[in-house]
Amino acid sequence: MQNDQIARIFDQLGDLLEIQKANPFRVRAYRNASRTIAALSESMSDIIADPDAKLTDLDGIGKDLGKKIEVIVETGSLPQLDELKEQIPPGVLDMLRIPGIGPKKVGAMFETLGVDSLDALKAAAEAGEIAELKGFGKKTEQLILDNIERASVADVRVRLAEAKKDADRIVDDLLAADGVEQANIAGSCRRRRETVGDLDVLVTSTNSGAAMDALAEHPLVESVLVRGETKQRVRLFSGLELDLRVVPDESYGAAMQYFTGSKEHNIVIRRRAVDRGLKVNEYGVFRDDELIAGRTEEDVYAAVDLAWVPPELRENRGEIEQAENGTLPELVTLADMRGDLHMHTTATDGRATIREMAEAAKERGLKYIAITDHSKRVSMANGLDEERLREHWKEIDAVNEEFTGVEILKGIECDILEDATLDLADDCLAEADWVIAVLHYGLKQPRKKIQKRLLNAVQNPNVDIIGHPTGRLIGKRDGADIDFTELFKASADHGVMMEINAHPNRLDLNEFHAAACKDLGIPIVISTDAHSQQGMDVMQYGVYQARRAGLTKNDVANTGSLTQFRKLLAR
DNA sequence: GCCGTTTTCGGCCCGACTGTTTTCAGTCG
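The first sequence maps to residues 67 to 637 in my numbering.
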C-alpha cells in the first residue's frame with residue numbers, strides 16, 4: 067500500500083463526510099492527514115514497522131487516524147470508508163467536479179432528488195427539477211448544464227513550459243495596460259511545479275477596470291468566467307483557467323506571498339501570524355487594524371520572524387524551519403550552469419552538426435558540452451554501433467582542435483537492453499569521456515527486471531551517469547517501476563551520477579528523487595537532451611526542478627569548471 | 001479529528017464573488 071493510496075482514502079473520506087454535513091473541522095483533519103501522508107518520502111508501513119517511530123508524531127495524525135492508517139496498511143481497506151460508500155454511491159462524488167458545485171449542493175441534490183451520478187444530474191437539470199430546490203435557482207441549473215460535459219473528463223494539468231509561455235505573454239501585455247504598475251505570475255507556475263492546474267496573475271494598478279478589460283480582450287483568452295472589483299477569472303484557449311487579482315501597490319508583497327502559495331505553506335504562515343497576535347491576508351500583515359507590512363514579500367516574512375523563502379520551496383516540506391533557523395539552501399540558478407552533458411547531432415536523430423551544437427552552447431555562455439548520440443539499439447534514430455561511434459568521436463576531436471570557447475566531450479547515450487546488458491562493448495565504452503546509461507525499451511518490465519538492469523549499469527565501471535532514470539513522459543507515460551532507495555545506494559557506492567533531464571516533457575528525476583540524491587551526496591547533472599540548437603534553451607526547466615529539490619550550485623556537477631567536473635568524474 | 005509553557009476544552013487561515021436571498025450560505029482559491 068503506497069502513501070498516495072492511503073492519502074486518497076482520507077481525501078475520499080473528507081469528501082464523503084462533507085456531503086453528510088459532518089463537522090467541518092473533522093473534515094479538515096482528514097484532508098490535513100492526507101496531505102501529510104502524500105508528502106512523506108518514508109512509507110507508512112516502514113514507520114509502523116520501525117520501533118523508534120510513531121505515526122502520531124506526524125503532523126495532523128492523532129490516535130484515531132493513526133489507528134486507521136494501521137488498519138489500511140494491514141488489510142488494504144478501511145471499514146468506515148466502505149460503510150460510507152454504501153450510503154453514498156461513487157457517482158455522487160463525480161458531481162463535485164462541476165465548478166461552482168460543492169459538497170453542500172451535492173448533498174442536497176442527492177438527499178432530496180436521489181441524484182447519484184452525472185447522468186442523473188443532467189436529466190434532473192433538463193427536467194427543471196434543480197431550479198425548484200431550496201437554495202438553488204435557474205442560474206445554478208444552467209451552470210450545471212453548461213459544465214457537466216467538462217466535469218465528465220478528469221481535470222487536466224498542463225506542463226509548466228506550456229503554461230508559463232501563455233502566462234508570460236499575458237503578463238507582458240498587461241504591463242502595457244493603462245494604470246498597471248506591476249504584473250507578475252503567482253501560484254504554482256511561480257513555484258515552478260512540473261505541471262500547472264491553473265494560472266494566477268497579480269497586478270498592481272490605479273485602474274483595475276482597464277487591467278481586467280485588457281485581459282478580457284487578450285487574444286489568448288476564450289471567455290470571462292467571473293468578474294468582480296478586484297478579481298477576474300478567465301478561460302484560455304489552451305483550456306487553462308487564469309485568475310487575475312488587482313491589488314494596491316502597498317499590498318503587492320503580501321498579495322504575491324498570498325497568491326504564490328502553496329496553500330499548505332500559507333496556512334503555516336498565517337498560523338505563525340496568529341501566534342504573534344497578527345493577521346496575514348492578501349492586503350498585508352495587520353496588528354489589530356494597523357498595516358505593519360505588505361509592500362514586499364521580504365517584509366511579510368520578516369513580520370512572522372522568517373527569512374524570505376524562494377517560491378520553489380514553498381510547499382511546507384521543511385522550508386519554514388529552515389527560514390527560521392537561517393539554513394535555507396542557496397538554490398542553483400541558470401547562470402550557474404557551465405556545461406550541458408546530454409545532446410544529439412545529425413549522426414543520429416539530432417538536427418544540427420557537432421560544430422553547430424558547440425556554437426549554440428557558446429552563445430548560451432556554456433564552457434563545455436558532451437555529444438551523446440544514441441547507441442545502435444535505437445535503430446529508429448539511426449543509433450551508432452561501435453565502429454560508427456569511434457568515427458563520430460574522431461569528428462569531435464577534429465572540431466575540438468579548431469573550435470575555441472567550448473570544450474566538447476566524447477560521449478554516448480548507451481541503452482541498457484532488456485536483458486540487462488549494455489548496448490555497446492565495454493572496450494568501446496572505456497574510450498568515452500562520458501557515458502550516459504539509459505532505459506528506452508522495456509519500461510513496463512516488472513520491478514525486479516528493471517532493477518537488475520539499472521543495477522548492472524550502475525556497477526559497470528564505464529558508466530558515469532543514469533540518464534532520465536524513470537523514462538516517464540509527463541502526462542503521457544508513467545516511468546518504470548524502480549526501487550529508488552536501492553538504486554541510489556548503489557549509485558552512491560559506485561560513484562555514478564544521476565541526471566535531471568531538463569526536457570519539459572521529462573523532468574526526470576523528479577524533485578523528490580533529486581532531493582534524495584542530494585541527501586546521499588550523489589552529484590546531479592542537469593542536461594537538456596537537446597536535438598537541435600534551440601533544444602538547449604530548456605536548461606531553465608531542469609534548473610527549476612533542481613531548485614524545487616533544494617539543490618545548490620554545489621549539488622549540481624555541471625556548474626563547476628571543466629577541471630572541477632573532471633575531478634568529480636574521476637572519483 | 002487534532003492540538004496544547006496562556007489551554008485536556010475550545011479553539012481550528014482568510015477573503016472575493018455569486019446566487020438566492022432580504023442578510024447570508026456556498027464555493028473557490
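Quick reminder that beta carbons are idealized off the backbone N, C-alpha and C, glycines included.
Small disclaimer: the values here were computed from a predicted structure and weren't measured.
The Cβ-Cβ distance between Ile-592 and Gly-616 does not fall below 8 Å. In the displayed model, Ser-317 falls within a helix according to three-state DSSP. Going by beta carbons, Leu-586 and Ala-558 fall inside the 8 Å limit. Here DSSP, grouped into helix, strand and coil, assigns Trp-374 to coil.
Pairing Ile-113 with Ile-72 gives a Cβ-Cβ distance that is not under 8 Å. Measuring C-alpha to C-alpha distances from Ala-596 to each of Leu-379, Arg-417, Ser-100, Asp-212 identifies Arg-417 as the nearest.
Between the alpha carbons of Glu-453 and His-440 lies a distance of about 13 Å. Below 8 Å, too few C-beta pairs join the segment 416-432 and the segment 375-393 to call them touching: fewer than three. Under DSSP, Gly-477 forms a beta bridge with Trp-500. In this model, Ala-191 and Ile-210 are separated by some 7 Å (Cα to Cα). For Ser-111, the secondary structure class from DSSP, reduced to helix, strand or coil, is helix.
One thing to note: Ile-590 has its Cβ no nearer than 8 Å to the Cβ of Ala-582. The DSSP-derived three-state label of Ser-274 is helix. The beta carbon of Val-262 is closer than 7 Å to those of Arg-223, Val-224, Leu-226, Ala-229, Ser-254, Cys-255 in its chain, skipping five residues each way along the sequence. Around the beta carbon of Pro-285, fewer than 16 other beta carbons sit within 10 angstroms, so the residue counts as exposed. If you draw a straight line from the Cα of Gly-601 to the Cα of Ile-420, it comes to about 14 Å. Residue burial annotation: Arg-216 is exposed, with fewer than 16 other C-beta atoms found within 10 angstroms of its C-beta. Beta-bridge partners of Ser-328 (DSSP): none assigned. The alpha helix (DSSP H) runs of length 4 or more contained entirely in the segment 107-175 are, from start to end of the chain, 110-115, 129-141, 145-153, 156-160.
Around the CB of Ile-588, 16 or more other CB atoms lie within 10 Å, so the residue is classed as buried.
Straight-line measurement puts the Cα of Glu-552 at about 12 Å from the Cα of Arg-513. Straight through space, the alpha carbons of Ala-491 and Glu-497 are spaced by roughly 11 Å. Under a 10 Å Cβ-count criterion, Ile-85 is classified as buried, with 16 or more other Cβ atoms of the shown protein chains found around its own Cβ.
A straight line joining the alpha-carbon of Asn-98 with that of Gly-126 spans about 6 Å. As DSSP reads the structure, Lys-345 sits in a beta bridge with Phe-352. Exposed is the label assigned to Ile-358, since fewer than 16 other Cβ atoms lie within 10 Å of its Cβ. Sorting Arg-443, Leu-432, Glu-136 by C-alpha distance to the C-alpha of Asp-116 places Glu-136 at the top. Val-292 places its beta carbon 8 Å or farther from that of Val-269. In the structure shown, Ser-218 adopts helical secondary structure according to DSSP, grouped into three states. Every alpha helix (DSSP H) of 4 residues or more that sits fully in the segment 400-488 is shown, in chain order, as 420-429, 452-468. Excluding its 5 nearest sequence neighbours in each direction, Ser-111 has C-beta neighbours in its own chain below 8 Å: Met-67, Val-139, listed in chain order. Close CB contacts of Lys-345 within its chain, under the 7 Å cut and outside five residues either way in sequence, are with Ala-339, Phe-352 (chain order). Between Arg-259 and the set Ile-540, Asp-547, Ser-598, Ser-627, the nearest pair of CA atoms involves Ile-540. Taking C-beta separations shorter than 6 Å and ignoring five residues to either side along the sequence, the partners of Leu-573 in its chain run Glu-260, Gln-611, following chain order. When the beta-carbon positions are compared, Val-504 and Gly-533 come within less than 8 Å of each other. As the crow flies, the alpha-carbon of Ala-243 is around 6 Å from that of Ala-277.
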